[in-house]
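First the structure, in the form of structure tokens, and then the observations on it.
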Amino acid sequence: MNKKGKVFYGWWIAVATFMIMTLIYAPIANLVSLFTLPVTKELGFGISQFMVYYTIMALAGMAVGPIAGKLMKKIDIRLYLTLFIVIGAIAFVGFSFATKLIHFYLFAILMGAALIGGAMIPASVLITNWFNEKRGLCLGIALSGSGFGGIILSPLVNWLITAYGWRSAYLAIGVLIFVVLVPLAVFVIRLNPADKGLLPLGEPKSLNSTQRIFTGTTQGETFKSVSFWALCLAITIGGIVVNSMLINLAPYLNEIGTTAKTAALLLSLGSAMVIVGKLLIGRLFDRLGLTTTLLIISAGSLVSFLFLMKANLVLPAIFYGVFSGLGATAVTVTPAYITGALYGEKEFGAKYGIVSIFISLGAAITPIISGAIYNINHSYGLLLNVLIVLSVVQFAIFLLAIKTKPKFDLNSDSLKEDAL
Numbered sequence: 002m003n004k005k006g007k008v009f010y011g012w013w014i015a016v017a018t019f020m021i022m023t024l025i026y027a028p029i030a031n032l033v034s035l036f037t038l039p040v041t042k043e044l045g046f047g048i049s050q051f052m053v054y055y056t057i058m059a060l061a062g063m064a065v066g067p068i069a070g071k072l073m074k075k076i077d078i079r080l081y082l083t084l085f086i087v088i089g090a091i092a093f094v095g096f097s098f099a100t101k102l103i104h105f106y107l108f109a110i111l112m113g114a115a116l117i118g119g120a121m122i123p124a125s126v127l128i129t130n131w132f133n134e135k136r137g138l139c140l141g142i143a144l145s146g147s148g149f150g151g152i153i154l155s156p157l158v159n160w161l162i163t164a165y166g167w168r169s170a171y172l173a174i175g176v177l178i179f180v181v182l183v184p185l186a187v188f189v190i191r192l193n194p195a196d197k198g199l200l201p202l203g204e205p206k207s208l209n210s211t212q213r214i215f216t217g218t219t220q221g222e223t224f225k226s227v228s229f230w231a232l233c234l235a236i237t238i239g240g241i242v243v244n245s246m247l248i249n250l251a252p253y254l255n256e257i258g259t260t261a262k263t264a265a266l267l268l269s270l271g272s273a274m275v276i277v278g279k280l281l282i283g284r285l286f287d288r289l290g291l292t293t294t295l296l297i298i299s300a301g302s303l304v305s306f307l308f309l310m311k312a313n314l315v316l317p318a319i320f321y322g323v324f325s326g327l328g329a330t331a332v333t334v335t336p337a338y339i340t341g342a343l344y345g346e347k348e349f350g351a352k353y354g355i356v357s358i359f360i361s362l363g364a365a366i367t368p369i370i371s372g373a374i375y376n377i378n379h380s381y382g383l384l385l386n387v388l389i390v391l392s393v394v395q396f397a398i399f400l401l402a403i404k405t406k407p408k409f410d411l412n413s414d415s416l417k418e419d420a421l
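Residue numbers (this note's numbering): 2 to 421.
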């Protein structure tokens, strides 16, 4: 039971997952551009050749997702997390010693495994396990570590690259991941509240205080539903909507004549709004429910693209940064929250492992799709119009997933030992 006067242990879980997102997710997903020019110039690679590693990383994440979801319930969470943290650290250390493209491609496989298996899946599963009440808020807190990491690590990594070279920067990230996160995995992280003799926050008391009833559909029932595959499709489309202008932002701003000062403002504002967006949307899920919050997320993307069309002016550029922070949550807070909300906590890790495939898929196919659209008339205007349409389509498919969700009996689900 939770003892009066003591901080609920789940908040320490939230802090630990925040740090995991800060030190694993942020360097892998948010700091790519800082290394691209230094690495390609020194080693003589083409930028497009070098960036193939990012696609390999996304594909590796797709492969690892369902495996990681099942592995979490088979081995001790401390061993599981330590394994993936070490894999992430090795990937960065490997990058620091790489001299050929194939070296980056091979270590990108480990990087993709760490991104999904060491950050996204465990953060989502742990928060779902520990919080019934305030789940959306806590997901927002945990996953906002990626934005926080982007803010604090960007200047640090940029300084390391400038002062000591890109190899030292990669090496420093690898060491930091190992030194900070392994102790958290071993001494702080616990998979279930029952491991500490507690119940999840908001869980009603029962005769046996450590016995928790996991509600929801089974993995098989979930995968047979139209709702689940509609959700996966919506998340894939969301990945295209969110990532298309992220990877094309700099050349688009140059195309419309945006000043370097405005471009720098957008990048800084974008990182800050990632944090605000995740915290706000997580809270809105708790307060307003699925449909209204998903409408706000999709509208955020749509409005951000309308402002981006005039981003050569300072005020529209600022509004783009603000609204893009809301839209970006379609592939961060949303997949984890809506998976639990629609299909319950039972076998959540296995379900979310499959969902994570489509998060990675959206990121992997974005360069191909956005590039093909751009090549139609060699202008980003058409791409923006397509993304506006996809923002509407995304909401419609999310709505379909909600309306067709499978029903489950809150009173007849298996107990703790049958679930994560």
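No residue lacks a Cβ here, since even glycine has one placed at the ideal position from N, Cα and C.
Since the model is a prediction, treat every value here as computed from it, not as a measurement.
Identify the residues that DSSP records as bridge partners of residue i: which are they?
i	result
F132	L202
G217	G345
Taking DSSP as the reference, what is the three-state secondary structure of residue i?
i	result
G341	helix
Y165	helix
G290	coil
A99	coil
A312	coil
G258	coil
T333	coil
L177	helix
K406	coil
V189	coil
H104	helix
M73	coil
F9	coil
K225	coil
S380	coil
S145	coil
I236	helix
I21	helix
Report all residues from its chain with a CB closer than 7 Å to the CB of residue i; omit the five preceding and five following residues, and keep chain order.
i	result
F286	G137, T294 and Y338
V332	I236, G239, G240, V243, I360 and G363
A92	F108, L111, M112 and A115
V189	W13 and A17
Y81	L72 and M73
L161	S169, A170 and A173
M310	L385
Y381	N249, Y253, E256 and Y375
A1	The chain is shown from 2 up to 421; residue 1 falls before or after that span and cannot be answered.
N31	S147, G150 and G151
Can you list, in chain order, the residues of its chain whose CB lies under 6 Å from that of residue i, leaving out five sequence neighbours each side?
i	result
I257	N313
F399	A235 and L295
G119	I25, F85, I86 and G89
S125	A337 and Y353
G113	M58, A61 and G62
K7	none
S97	R168, Y171 and L172
E204	N133
T367	I241, N244 and S245
L192	I78
V227	T405
G301	F324, L327 and G328
Write down the C-beta distance between residue i and residue j rounded to the nearest angstrom, noting that I regard them as a contact closer than 8 Å.
i	j	result
F409	G326	Wrong, their Cβ atoms sit about 34 Å apart, outside the cutoff.
F229	S299	The Cβ separation is near 20 Å, so there is no contact.
L270	I142	Not really, about 21 Å apart at Cβ, beyond 8 Å.
T23	F149	5 Å
W131	P184	The Cβ separation is near 19 Å, so there is no contact.
L35	V158	5 Å
G350	I174	Actually they do not touch by this definition, with Cβ atoms about 27 Å apart.
T216	K71	Not a contact, Cβ separation roughly 20 Å.
I76	S357	Actually they are not in contact, since the Cβ atoms of I76 and S357 sit about 18 Å apart, beyond 8 Å.
V334	G283	5 Å
T37	I48	6 Å
G146	F19	4 Å
Y10	L199	6 Å
L177	A27	With a Cβ gap of about 11 Å, L177 and A27 do not count as contacting.
L439	K101	In the structure as shown, the chain starts at 2 and stops at 421, and residue 439 therefore has no counterpart that could be examined.
Kindly list the residues whose CB is nearer than 8 Å to the CB of residue i, restricted to its own chain and excluding five residues on each side of it in sequence; keep chain order.
i	result
L391	I238, I241 and V242
L307	I389
Kindly say whether residue i, judged by its beta-carbon, lies nearer than 9 Å to any beta-carbon of chain D.
i	result
L343	You won't find chain D in this structure, because it holds only one protein chain.
Whole runs of the alpha helix (DSSP H) within the segment 23-69, excluding any shorter than 4 residues: Segments of the alpha helix (DSSP H) lying fully in the segment 23-69: 27-30 and 33-44.
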